[in-house]
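Written out below as structure tokens is the structure these notes cover.
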Amino acid sequence: MSEVAITRSNFNDWMVPVFAPANFILVRGEGSRLWDQNDKEYIDFAGGIAVNALGHAHPVAVNALTEQAQKLWHIGNGYTNEPVLRLAKQLVDSTFADKVFFCNSGAEANEAALKLARKVGLLSGNANKNQIVAFKNAFHGRTLFTVTAGGQPKYSQDFAPLPGGIEHTAFNDLEAAKAAITENTCAVIVEPIQGEGGVLPADIEFLKGLRALCDEKGAVLIFDEVQTGVGRTGSLYAYMNTGVTPDILTTAKALGGGFPIGAMITTDHYANMYAVGDHGTTYGGNPLACAVAGAVFEFINTPEVLDGVKQRHQYFIEALNKINAQYGLFKEIRGQGLLIGCVLKDEHAGKAKNIVTLAGEEGLLALVAGADVVRFTPSLIIPQQDIDEGLNRFVRALARL
12 MSEVAITRSN FNDWMVPVFA PANFILVRGE GSRLWDQNDK EYIDFAGGIA
62 VNALGHAHPV AVNALTEQAQ KLWHIGNGYT NEPVLRLAKQ LVDSTFADKV
112 FFCNSGAEAN EAALKLARKV GLLSGNANKN QIVAFKNAFH GRTLFTVTAG
162 GQPKYSQDFA PLPGGIEHTA FNDLEAAKAA ITENTCAVIV EPIQGEGGVL
212 PADIEFLKGL RALCDEKGAV LIFDEVQTGV GRTGSLYAYM NTGVTPDILT
262 TAKALGGGFP IGAMITTDHY ANMYAVGDHG TTYGGNPLAC AVAGAVFEFI
312 NTPEVLDGVK QRHQYFIEAL NKINAQYGLF KEIRGQGLLI GCVLKDEHAG
362 KAKNIVTLAG EEGLLALVAG ADVVRFTPSL IIPQQDIDEG LNRFVRALAR
412 L
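Going by my numbering, the first residue of the sequence shown is number 12, and it counts up by one from there.
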């Protein structure tokens, strides 16, 4: 195919309009810096929505991809391969889990988890044990099942009839959870930090209470760690900081460091309730993705990297509080590790998108988490000089609001 000159307007010409990307096209990246078609430089505080854990074109990921690309890309699920088994062992050795199911995204991982929970309910002997409890303002993906489990009607309201058997209750409200979780509940799905819902951490006592309720009612506790997992919070997985162990955990985003991959991990007890043919995927567990993910996971799962995330968190929080003392736009700076939310004061409600747009004009990539929260999910190893320069650009954006 001959080279076609590409412009931003081509997105409107050829793409289904489910996204509204920025008005520039990025063409290359290195570390935590990116450049567009006009060679304008950007500092990356978005990280591909918490995906690019090592930044862009990190040698660890590039070398793993290049080496595996010269060997074996894809063989389908009728055969297994070495990279997938090595990555499975890494996950099993590093977490509570005994077994892994690989897929291609966080939504697929959550789909696998919710289907397994329904199978658990079926095998319980209670014909009515099929109810799933989820939380308002949650986000679990865009498939019909996962978008219904997510507690944000704006994402699901146009696609009725939606799957049934899902009840939403208030996040961080244990009394409401007690009323919702019954003998007919097969699963409770929760994010340790609601990412898309505003970078809102779950209270540890709330998570402990959910664990106790699930044990009492015979329900599966699912932690959606698609956004919080693989070092994002300063622990390998966020559950490790809570004293609460789930029955099933879903992981994606940072797992591949930019290469599409997802996984559902669980114990032998629950894994063995799935039978051959109960679930599947064509691309999941392909050797190319697993080779990259294995290299990324090994790099991140070290005290140096995880402690570095905690140190960068403290640096960000102190700097953002100083900025806020000057501009007074935010009522709270919250989050864990390098999942940080700047919550706008009521008088500035709805302006998060405006700030992100202005930041882009100043050469900073950032995210929203709802209409009132500016979100940062940079590389876990972002250099301090890039943090400083990115925050300088953030200040320039705030000054223009």
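The beta carbon of each residue, even a glycine, is placed where N, CA and C say it ideally should be.
For residue i, which residues of its own chain have a beta-carbon under 7 Å away from its beta-carbon, when the five flanking residues on both sides are left out?
{"i": "Glu343", "result": "Val354"}
{"i": "Asn139", "result": "Asn195"}
{"i": "Ala370", "result": "Ala377, Arg404, Phe405, Ala408"}
{"i": "Val379", "result": "Ala363, Lys364, Val367, Val385, Arg386"}
{"i": "Ala306", "result": "Val71, Ala72, Ala75"}
{"i": "Leu331", "result": "Ile344, Cys353"}
{"i": "Gly348", "result": "Arg243, Thr244, Gly245, Val320, Lys321, His324"}
{"i": "Pro28", "result": "none"}
Taking 7 Å as the cut-off, is the beta-carbon of residue i closer than that to any non-hydrogen atom of the ligand SAH?
{"i": "Glu122", "result": "Absence of the ligand SAH is noted for the structure shown, with no ligands found whatsoever."}
Between the Cα of residue i and those of the options, spot the shortest distance and give me the residue it belongs to.
{"i": "Ile233", "options": "Glu216, Val199, Ala223", "result": "Val199"}
{"i": "Pro394", "options": "Val38, Arg44, Arg404", "result": "Arg44"}
{"i": "Gln337", "options": "Arg407, Pro94, Val95", "result": "Arg407"}
{"i": "Gly136", "options": "Asn115, Asn195, Cys225, Val316", "result": "Asn195"}
{"i": "Gly245", "options": "Trp25, Val29, Ile392", "result": "Ile392"}
{"i": "Met251", "options": "Val62, Asn365, Asn312", "result": "Asn312"}
{"i": "Phe30", "options": "Arg39, Val38, Arg19", "result": "Arg19"}
{"i": "Val73", "options": "Lys362, Ala377, Leu299, Phe405", "result": "Leu299"}
{"i": "Ala249", "options": "Ala213, Gly208, Asp184", "result": "Ala213"}
{"i": "Ser390", "options": "Ala16, Val27, Gly374, Asn63", "result": "Asn63"}
{"i": "His179", "options": "Phe146, Val201, Pro203, Asp169", "result": "Phe146"}
{"i": "Gln163", "options": "Pro70, Gly381, Val287, Gly346", "result": "Gly381"}
{"i": "Gly37", "options": "Ile17, Trp25, Val27, Asn23", "result": "Sequence inspection shows Leu at residue 37; the Gly mentioned does not correspond to that position. Comparing Cα positions, the closest option is Ile17."}
{"i": "Gly58", "options": "Asn49, Ala68, Lys51", "result": "Ala68"}
{"i": "Asn49", "options": "Gly42, Phe35, Phe56, Glu41", "result": "Phe35"}
{"i": "Glu329", "options": "Tyr166, His290, Arg153, Ile398", "result": "Ile398"}
{"i": "Ala123", "options": "Thr106, Gly291, Lys333, Gly346", "result": "Gly291"}
{"i": "Gly42", "options": "Trp25, Asp279, Phe56", "result": "Phe56"}
{"i": "Arg121", "options": "Gly89, Leu155, His85", "result": "The identity of residue 121 in the sequence shown is Asn, whereas the question assumes Arg. Nearest C-alpha to Asn121: Leu155."}
{"i": "Ser116", "options": "Tyr294, Lys333, Asp357", "result": "Tyr294"}
Which of the three DSSP states is assigned to residue i in this structure?
{"i": "Gln205", "result": "strand"}
{"i": "Phe217", "result": "helix"}
{"i": "Lys356", "result": "coil"}
{"i": "Gln322", "result": "helix"}
{"i": "Thr180", "result": "strand"}
{"i": "Thr368", "result": "helix"}
{"i": "Leu350", "result": "strand"}
{"i": "Ala188", "result": "helix"}
{"i": "Lys362", "result": "coil"}
{"i": "Val15", "result": "coil"}
{"i": "Pro174", "result": "coil"}
{"i": "Thr196", "result": "strand"}
{"i": "Gly162", "result": "strand"}
{"i": "Val385", "result": "strand"}
{"i": "Ile392", "result": "coil"}
{"i": "Val406", "result": "helix"}
{"i": "Arg222", "result": "helix"}
{"i": "Leu375", "result": "strand"}
{"i": "Leu412", "result": "coil"}
{"i": "Leu5", "result": "Examination of residue 5 is not possible in this model, given that the chain is present from 12 through 412 alone."}
{"i": "Leu340", "result": "coil"}
Apart from the five residues on each side of it in sequence, which residues of its chain come closer than 6 Å, Cβ to Cβ, to residue i?
{"i": "Ile351", "result": "Phe327, Phe387"}
{"i": "Gly161", "result": "Ala149, Phe150, His151"}
{"i": "Arg39", "result": "Trp46"}
{"i": "Leu266", "result": "Val241, Ile272, Ala304"}
{"i": "Lys130", "result": "Met284"}
{"i": "Ala302", "result": "Ala75, Gln79, Pro94"}
{"i": "Gln142", "result": "Gly176, Asn195, Thr196"}
{"i": "Glu373", "result": "Arg404, Arg407, Ala408"}
{"i": "Gly268", "result": "Ala64, Leu65, Ala72, Val307"}
{"i": "Val144", "result": "Glu178, Ala191, Ile192, Thr196, Val199"}
{"i": "Phe217", "result": "Asn183, Leu185"}
So residue i packs on residue j, CB below 8 Å; how close in whole Å?
{"i": "Thr262", "j": "Ile276", "result": "7 Å"}
{"i": "Thr157", "j": "Ala118", "result": "5 Å"}
{"i": "Leu133", "j": "Ile259", "result": "Between Ile259 and Leu133 the Cβ distance is about 16 Å, and since that is not below 8 Å, they are no contact."}
{"i": "Phe182", "j": "Gly296", "result": "That pair is no contact at about 32 Å."}
{"i": "Leu125", "j": "Ala274", "result": "Contact flag wrong, Cβ pair sits at about 15 Å."}
{"i": "Asp456", "j": "Ala410", "result": "This structure leaves residue 456 out entirely; the chain is present only between 12 and 412."}
{"i": "Leu98", "j": "Phe308", "result": "7 Å"}
{"i": "Leu247", "j": "Leu317", "result": "7 Å"}
{"i": "Ala282", "j": "Lys110", "result": "4 Å"}
Between residue i and chain D, is any beta-carbon pair separated by less than 8 Å?
{"i": "Cys114", "result": "Structure shown: chain D not included; a single protein chain is present."}
Starting from the C-beta of residue i, find all residues in its chain whose C-beta is less than 8 Å away, skip the five residues before and the five after it, and write them out in chain order.
{"i": "Ala61", "result": "Gly206, Gln238, Arg243, Lys264, Ala265, Leu350, Thr388"}
{"i": "Leu224", "result": "Ala188, Lys189, Ile192, Val199, Ala230"}
{"i": "Lys219", "result": "Thr253, Gly254, Val255"}
{"i": "Glu400", "result": "Ile54"}
{"i": "Asn335", "result": "Phe341, Ile344, Cys353"}
{"i": "Gly209", "result": "Asn148, Gly352, Val354, Ala380, Gly381, Asp383, Val384"}
Residue ranges of each beta strand (DSSP E) within the stretch 226-313, 3 or longer: 231-235, 259-262, 273-277
At 4 residues or longer, and completely inside the stretch 21-82: list those alpha helix (DSSP H) runs for me, N to C. 58-61, 70-80
Just to confirm the assignment: which complete beta strand (DSSP E) runs, minimum length 3, are found wholly within the stretch 77-150? 110-114, 142-146
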